Amino acid sequence: ATHCQATMPPYSLFLTLLCLPMILTAPLTDKEVQNRIVAVSKSKPELLSVAVSQADPDLLRAALTHAKPELLEKALTKADPALLAAALQDIDPEALITALTTSDGLLLTLALTRSNSNLLRTALSGNEEELLQTALTGSDPELLEVALTKSTPELLETALTVAKPDLLRTALQKPSDPRILEVALTKSLPGLLAIALQDATPENLKIALSLHK
Numbered sequence: 011a012t013h014c015q016a017t018m019p020p021y022s023l024f025l026t027l028l029c030l031p032m033i034l035t036a037p038l039t040d041k042e043v044q045n046r047i048v049a050v051s052k053s054k055p056e057l058l059s060v061a062v063s064q065a066d067p068d069l070l071r072a073a074l075t076h077a078k079p080e081l082l083e084k085a086l087t088k089a090d091p092a093l094l095a096a097a098l099q100d101i102d103p104e105a106l107i108t109a110l111t112t113s114d115g116l117l118l119t120l121a122l123t124r125s126n127s128n129l130l131r132t133a134l135s136g137n138e139e140e141l142l143q144t145a146l147t148g149s150d151p152e153l154l155e156v157a158l159t160k161s162t163p164e165l166l167e168t169a170l171t172v173a174k175p176d177l178l179r180t181a182l183q184k185p186s187d188p189r190i191l192e193v194a195l196t197k198s199l200p201g202l203l204a205i206a207l208q209d210a211t212p213e214n215l216k217i218a219l220s221l222h223k
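Read in order, the letters of the sequence shown are residues 11 to 223 in the working numbering.
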């Protein structure tokens, strides 16, 4: 086990797949076995290459330990390589676990294919897990894409840190208009955005984010 850990940095994090069982005191769970099967037999080669050559070892280990196999498969078959790399470096492990265990598959795929890499990293860095889960399970895809491509990092962090879950869900669902949501996530003062996402009624937030002719 010591040799395995010592040789990992200069070579490949792929050794995590092979060496981790040797350093565990308990047998691998069924999920951990399934995730290793996904990684070695179902991944796109270019995405597996990203995962084993660029990932933080602890984040790769967290993904292999906790992910739902079907969500790990989406990450390793559908992701944009640069976004997969962003999701496996310098982020909160608990956020990665939340994304790979609770996401709607379509929304996870969207996040890993359409996001701005800096905003994806912001979304996965130390925000409230319940709010990240809300965004990745209860969003309209078009609105989630606006949040992950158009926001300023500060305002996205505000939304994913201080919002009430039901209000964040309201903001990321129709009838919210994508253009108005973009304005809210790029032009708002952080303190005022926080107030709106904490103190508004759901009905009033819907009105504020909807386009009325």
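Just so it is clear, CB atoms sit at the ideal spot from N, CA and C, and this is done for glycine as well. As the structure is a computational prediction, the values presented were derived from the model and not from experiment.
Give a yes or no on whether the C-beta atoms belonging to residue i and residue j are separated by under 7 Å.
i: Pro79; j: Asn45; result: yes
i: Leu158; j: Thr132; result: no
i: Leu134; j: Ala105; result: yes
i: Arg189; j: Gly148; result: no
i: Leu118; j: Leu81; result: yes
i: Thr75; j: Glu42; result: yes
Just the Cα atoms here: how many angstroms apart are residue i and residue j?
i: Ser161; j: Leu182; result: 13 Å
i: Glu127; j: Leu98; result: What sits at residue 127 in the sequence shown is Ser, not Glu. Distance between the alpha carbons of Ser127 and Leu98: 11 Å.
i: Leu122; j: Glu155; result: 11 Å
i: Ala218; j: Leu146; result: 23 Å
i: Val60; j: Lys54; result: 10 Å
i: Met32; j: Leu38; result: The predicted model places Met32 with a pLDDT of 47, which falls under 50 and marks its position as unreliable, so this point remains unresolved.
i: Glu138; j: Thr171; result: 5 Å
i: Pro200; j: Ala73; result: 32 Å
Leaving out the 5 sequence neighbours to the left and right, which residues in its chain are closer than 6 Å to residue i when beta-carbon positions are compared?
i: Glu226; result: Residue 226 lies beyond the range of the chain shown here (11 to 223); nothing can be said about it.
i: Asp100; result: none
Please go through the same chain and pick out, in chain order, the residues whose beta-carbon is closer than 7 Å to the beta-carbon of residue i, but skip the five residues on each side of it.
i: Asp2; result: For residue 2 there is no data in the structure shown, the boundaries of the chain being 11 and 223.
i: Pro163; result: Asn128, Leu129 and Thr132
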